[in-house]
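Participant:
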Amino acid sequence: MKREVFADNEVTKAMDAKVVSLEINIDDPNSKALVKQYNIGATPTTIFIDPKGEVIDYAVGKVEKSKFLEMLLNI
1 MKREVFADNE
11 VTKAMDAKVV
21 SLEINIDDPN
31 SKALVKQYNI
41 GATPTTIFID
51 PKGEVIDYAV
61 GKVEKSKFLE
71 MLLNI
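Residues in the sequence shown are numbered consecutively from 1, following the UniProt record's numbering.
1. Taking only three categories from DSSP, how would you classify Thr12?
2. Under a Cβ-count criterion, where at least 16 other Cβ atoms within 10 Å of its own Cβ denotes burial, should Val19 be classed as buried or exposed?
3. Report the residue ranges of all alpha helix (DSSP H) runs contained in full by the UniProt domain "Thioredoxin-like fold" (1–72); include only those spanning at least 4 residues, in chain order.
4. Taking the alpha carbon of Lys2 as the point to measure from, which residue in Lys65, Asp57, Leu34 has its own alpha carbon closest?
5. Give me the Cβ distance between Ala14 and Leu72, rounded to the nearest whole Å; I'm assuming they're in contact under 8 Å.
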């Protein structure tokens, strides 16, 4: 996803306008609480959360550019 989705200019502009992005290494012991809280068991996992930490949208596995942009529009 890094090369095919997140590197795309259209996606970058849409993300910059709507979200603060964060990449979590699920193997890092410091990420253990977040991995547990959001039930992350596989990578990639895309999670959109609101300011209170509530999940708005969630996808496990690779998300194509068009689907990712659709997810962004719906948050």
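Glycine residues also receive a C-beta, built at the ideal position from the N, C-alpha and C atoms.
Facilitator: Let's see:
1. For the purposes of this step, residue 12 is identified with residue 12 of the sequence shown, where counting begins at 1. In the structure shown, Thr12 sits in a helix (DSSP, three-state: H, G or I).
2. The count along the sequence shown starts at 1 and reaches residue 19 at position 19. With fewer than 16 Cβ atoms within 10 Å of its Cβ, Val19 is classed as exposed.
3. 9–18, 32–37
4. Start at 1 with the first residue of the sequence shown, and residue 2 comes out as number 2. When each option's Cα is compared against that of Lys2, the closest is Lys65.
5. On the sequence shown, position 14 is the one that residue 14 refers to. On the sequence shown, position 72 is the one that residue 72 refers to. That belief holds up - the Cβ atoms of Ala14 and Leu72 are roughly 5 Å apart, short of 8 Å.
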